[in-house]
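Just add 2 to the spot in the sequence shown (first one is 1) and you have the numbering used here.
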Amino acid sequence: MSGESVTLRIVNDRHEVSLYFRDLNGQWTKLDPGFEMSGFHHNVLGNFLSLRIALNATGVGNVKFSEFSYRAGTPDGLQDVRFSKAAARYVPAAC
């Protein structure tokens, strides 16, 4: 995605972490596979309070992260989606 902007969304739903990106048409696409994180807590690993979000970019060039926000609850636009295996893409439930 050289030279382009992308909107990312990280969703932790009951210890299942999923990653999404939004295309220019506003369609959210899930990046598979997600991550099951229930075993990553201080009772198992010790010496920390909780998982924290980290953003990382690899490759040549510069990256700017902006407009970061953190909210609890159901993400806007993702509460009425279902997974389409054929396209490996989330589509609105009304489709």
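Glycine residues also receive a C-beta, built at the ideal position from the N, C-alpha and C atoms. Fair warning: this is a prediction, and the values are worked out from it, not measured in the lab.
Straight-line Cα distance separating leucine 47 from tyrosine 72: 24 Å
Look at the alpha carbon of arginine 11 and the alpha carbon of alanine 56, and state the distance between them as a whole number of angstroms. 12 Å
Cα-Cα, which of His17, Arg16, Leu26 is closest to glutamate 6? Leu26
Using the rule of at least 16 other Cβ atoms within 10 Å of the residue's Cβ for burial, across every protein chain shown, is lysine 32 buried or exposed? buried
Which residue marks the beginning of the alpha helix (DSSP H) containing valine 46, and which one marks its end? 44-47
What are the residues that DSSP puts in a beta bridge with phenylalanine 37? Val19
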